[in-house]
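A quick write-up on the structure given underneath.
Protein chains in written order, with full-length UniProt numbering: chain A, 1 to 315; chain B, 1 to 444.
Here it is, written out as structure tokens:
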């Protein structure tokens, strides 16, 4: 079976490879014309802010005399970074989203994979309908989704809570132990459809002959799914995992909205919320250092994961 | 995969380049000492920018605009993240001419050099006599400079559901001890009913309670700030509410002003509200069905100490970078001392004036229909007189408030106490001042 999978990979990859080799070299002018629309905003809205954050993160505030004094900033070396590393709130927030990610990402991707595989079976009818409904939550902005869920969690307003109370349960979705998972649920609801669509697209590109060959060899639908489809779409699983790792580290909207109705989400609940809280206290330099550290951790984790999986799978 | 790696490496190289470029062209962000600006009237028509978070303020501004064709004012509502918006605008050099700033945030913005001194304008300097003394003192930092004009104050009082108190035969509490006893009685009579809620996410409210007990949080002497967030007085307040929380006599799951909070009031689950003067319009506008059921009485006191608390209240500050100081002063003075403007602000936004004349407004002497025609402003006027006028705010109040809230939430969840929250706030005050290079020490 592994042999089939390897062969399949070759079958899928080869047309793309051939195209790359045969493609003629376009002229430099065309390249510039096509790249400018990307690079200009990329420089303006990505590189410049990143540069500015790095610049701010090595500054410190000094002040001259008096009760209120006059402030100025000056070069402070790694002073801000030292503070970030010594800030236990920062590490607590990293730990919290670490726990969040370890649970939420696999759950979400597993559901997405199952849904993608189900959509891909010839047995299922109304595919377009299911595809759209599964994808629909992604069209809802994160903040709106969080507001909607906060109503469903709220003990005062939620029909769900009322229903559960009716059968003798006392759910506390916003309690100290549960609120992290309530936020995770919102993320899962929002992003499962999106991830499913990426996996489903990958499944679509597998040639049908492969399944026919497998069936002749005696494989059933289950075997085809786990032994052929999943290995072939492994690159898209890696991709969605990397996206999810990045998304987890940048978690902000869901807990920030739930915070308005639950005091069990502190102002330093996630690293991004901590950076925001610090910035809103006028400590822009420290907030910049926190942002840079988050970016580096994101970079290390996502690329680390990619390298690890690509080595293992030989992708 | 390899193409992604290449792209990122390119990105990193570009980022490195841009840092070098930025570093090369930057200059130290030093700022001048706040000096009195000149006060020349502009030639021709002027348009001022005024940012605020008061409901209905655009109608007050319309009134001004109709009367003053040469000084037009544009408002922007910044009630969503008020100080974040102001802070970012300052950082970008795009602050408005005037902005609403709460008393507790004035020192914070002052240390960011946010204001311009308008004392060169005669009208601004002369305005001093028109305001309740402590409000002027806070807005001018006890100095001769005029950085802001007081707008409103938030003298505190106790809002009661008189029907519920009558139903369970509970006397109106005059001291905090009596309030705790009433809390027990009400909760015993109806397990779904609590006397009030403790919102762990509301440091401003808690600060108002500390203020009532003469708990001074900051002082300035010998060239440094003295942080006394932890004191015997604040400890007393913390332990009192901790007891109510531990005994489950107050709810801790309702955020101030949230839909959930109003829903709980709507369902008759909460019998009172320890609030400020501006809360009168909030209840009127959000709980219309409870008209006639509310009564406002003086805030419970700490035994023999008859002091009242203050929660909130704002100034309208002269923001740095304004090119029209003369006109700003004219509008600001009108906005905060003109009887017509003040009456409208009280009616629409619930503002309780900081101008002494404002307290004599005919509209404030009348009964308010929602409160069964009770003359509620008499209660607030009495409260206002009993506010400790020497209370001062720290220069990093926002950070301190966040730390206090986070720790209060832990206490509400049973993980720590409100005394711990005071410690957390004390530590945050010292730490944040150190971060801003403001000399500070613990204790008096």
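Ideal Cβ placement from N, Cα and C applies to all residues, glycine included.
Residues that residue 61/A contacts on chain B, provided the C-beta gap is smaller than 8 Å: Mapped onto the first chain, residue 61/A falls at position 61. Ordered by position in chain B, the residues that pass the 8 Å Cβ test against residue 61/A are 435, 436, 437.
N- and C-terminal bounds of the alpha helix (DSSP H) containing residue 152/A: Here residue 152/A refers to the residue found at position 152 when the first chain is read from its first residue. Residue 152/A: member of the alpha helix (DSSP H) spanning 142-153, first to last residue.
DSSP bridge partner residues for residue 179/A (one or two, in chain order): Your numbering for residue 179/A matches position 179 in the first chain. For residue 179/A, which the question treats as bridged, DSSP gives no partner whatsoever.
Assigned exposure category for residue 373/B - 16 Cβ within 10 Å defines buried: As a working mapping, residue 373/B is identified with position 373 in the second chain. With fewer than 16 other Cβ atoms within 10 Å, it is exposed.
Extent of the continuous alpha helix (DSSP H) run through residue 286/B: In the second chain, the residue the question calls residue 286/B occupies position 286. Its alpha helix (DSSP H) spans residues 279-286.
Selection of the segment 200-215 of chain B by Cβ proximity to chain A, strictly under 9 Å: 200, 201
Any alpha helix (DSSP H) of 4 or more consecutive residues that is wholly inside the segment 146-216 of chain B: 162-167, 176-189, 203-212
Per DSSP, cross-strand counterpart(s) of residue 254/A: To locate residue 254/A, count along the first chain from 1; it is residue 254. Its beta-bridge partners do not exist; DSSP assigns none.
Collapsed DSSP secondary structure at residue 68/A in the structure displayed: Against the first chain, residue 68/A aligns to sequence position 68. In the structure shown, residue 68/A falls within a coil segment according to DSSP collapsed to helix, strand and coil.
Members of the segment 417-433 of chain B near chain A, C-beta cut-off 8 Å: 432
Length of the line joining the Cα atoms of residue 50/B and residue 331/B: Working through the second chain from its first residue, we reach residue 50/B at position 50. Working through the second chain from its first residue, we reach residue 331/B at position 331. Roughly 10 Å between the two C-alpha positions.
Residue 306/B (DSSP reduced to helix, strand or coil): Within the second chain, the letter at position 306 stands for residue 306/B. In the structure shown, residue 306/B sits in coil (DSSP, three-state: anything other than H, G, I, E or B).
Of the residues 214/B, 139/B, 408/B, the one placed nearest residue 264/A, counting alpha carbons only: The residue you call residue 264/A lines up with position 264 of the first chain. In terms of Cα proximity to residue 264/A, the closest of 214/B, 139/B, 408/B is 408/B.
Residue-chain proximity (residue 316/A, chain B), Cβ-Cβ < 8 Å: One cannot answer for residue 316/A here, as it falls past the ends of chain A, which runs 1 to 315.
Spatial distance of residue 4/A from residue 237/A (CA atoms): By one-based count along the first chain, residue 4/A stands at place 4. By one-based count along the first chain, residue 237/A stands at place 237. Residue placement at residue 4/A is flagged as unreliable, the pLDDT there being 47, under the threshold of 50; the coordinate-derived value follows with that caveat. C-alpha separation (whole angstroms): 19 Å.
Partner residues on chain B for residue 261/A, Cβ-Cβ distance less than 9 Å: Start at 1 with the first residue of the first chain, and residue 261/A comes out as number 261. What residue 261/A touches in chain B: 253, 254, 255, 258, 259, 260.
Cβ neighbours of residue 171/A in the same chain (closer than 7 Å, five flanking residues each side left out): Here residue 171/A corresponds to residue number 171 of the first chain, with the count starting at 1. Closer than 7 Å at Cβ, skipping near neighbours: 161, 164.
Reduced DSSP category for residue 96/A - H, G, I as helix; E, B as strand; rest coil: The residue you call residue 96/A lines up with position 96 of the first chain. Helix at residue 96/A.
Residue 144/B versus residue 116/B - alpha carbon distance: Looking up residue 144/B in the second chain gives position 144. Looking up residue 116/B in the second chain gives position 116. Whole-angstrom Cα-Cα distance: 13 Å.
Cβ contact (3+ pairs, closer than 8 Å) linking the segment 175-193 of chain B and the segment 326-340 of chain B: no
Distance, residue 30/A Cα to residue 23/A Cα: Walking along the first chain from the start, residue 23/A turns up at place 23. Walking along the first chain from the start, residue 30/A turns up at place 30. Note that residue 23/A scores a pLDDT of 46, beneath 50, so its modelled location is shaky; the value from the coordinates is reported in the next line. Here the alpha carbon of residue 23/A sits roughly 15 Å from the alpha carbon of residue 30/A.
Straight-line gap, residue 201/B to residue 262/A (C-alpha atoms, nearest Å): What you label residue 201/B is simply residue 201 of the second chain in a count that begins at 1. What you label residue 262/A is simply residue 262 of the first chain in a count that begins at 1. For residue 201/B and residue 262/A, the distance between alpha carbons rounds to 9 Å.
Nonlocal neighbours in the same chain, by C-beta distance under 6 Å from residue 57/A, ignoring five residues either side: Taking the first chain and counting its residues from 1, the one referred to as residue 57/A is at position 57. So the qualifying residues of the chain are 80, 288, 289, 292.
Spatial distance of residue 222/A from residue 102/A (CA atoms): Along the first chain, one-based indexing puts residue 222/A at 222. Along the first chain, one-based indexing puts residue 102/A at 102. Roughly 27 Å between the two C-alpha positions.
Residue 378/B classed as buried or exposed, judged by whether at least 16 other C-beta atoms fall within 10 angstroms: Position 378 of the second chain, counted from the first residue, corresponds to residue 378/B. The residue in question, residue 378/B, is exposed, as its Cβ has fewer than 16 Cβ neighbours within 10 Å.
Other residues of its chain near residue 36/A: CB distance less than 7 Å, five sequence neighbours each side excluded: Here the question's residue 36/A lines up with position 36 in the first chain. There are no such residues.
DSSP state of residue 227/B mapped onto helix, strand, coil: Position 227 of the second chain, counting from 1, holds the residue named residue 227/B. Here residue 227/B sits in strand by DSSP.
Where the alpha helix (DSSP H) through residue 49/A begins and ends: Along the first chain, one-based indexing puts residue 49/A at 49. Element bounds for residue 49/A: 48-57.
Residue 258/A and residue 182/A closer than 8 Å at C-beta: The residue given as residue 258/A occupies position 258 in the first chain. The residue given as residue 182/A occupies position 182 in the first chain. Cβ atoms of residue 258/A and residue 182/A: closer than 8 Å.
Check whether residue 394/B and residue 280/B have beta carbons under 8 Å apart: Working through the second chain from its first residue, we reach residue 394/B at position 394. Working through the second chain from its first residue, we reach residue 280/B at position 280. No.
Test: residue 87/B CB closer than 8 Å to a CB of chain A: For the purposes of this step, residue 87/B is taken as the residue at position 87 of the second chain. Under the Cβ criterion of 8 Å, residue 87/B is counted among the residues facing chain A.
At least three beta-carbon pairs within less than 8 Å, the segment 275-285 of chain A to the segment 425-436 of chain B: Result yes; three or more Cβ-Cβ pairs closer than 8 Å.
Closest residue to residue 153/B among 431/B, 375/B, 275/B (Cα-Cα distance): Taking the first residue of the second chain as position 1, residue 153/B is located at position 153. The closest CA to that of residue 153/B, considering only 431/B, 375/B, 275/B, is found on 275/B.
Start-end ranges of the alpha helix (DSSP H) lying completely within the segment 215-275 of chain B, minimum 4 residues: 232-246, 259-266
Of the listed residues 99/B, 92/B, 341/B, nearest to residue 79/B (C-alpha basis): Here residue 79/B is taken as the residue at index 79 of the second chain, counted from 1. Of 99/B, 92/B, 341/B, the residue nearest in Cα terms is 99/B.
Residue 27/A classed as buried or exposed, judged by whether at least 16 other C-beta atoms fall within 10 angstroms: Looking up residue 27/A in the first chain gives position 27. So residue 27/A ends up on the exposed side.
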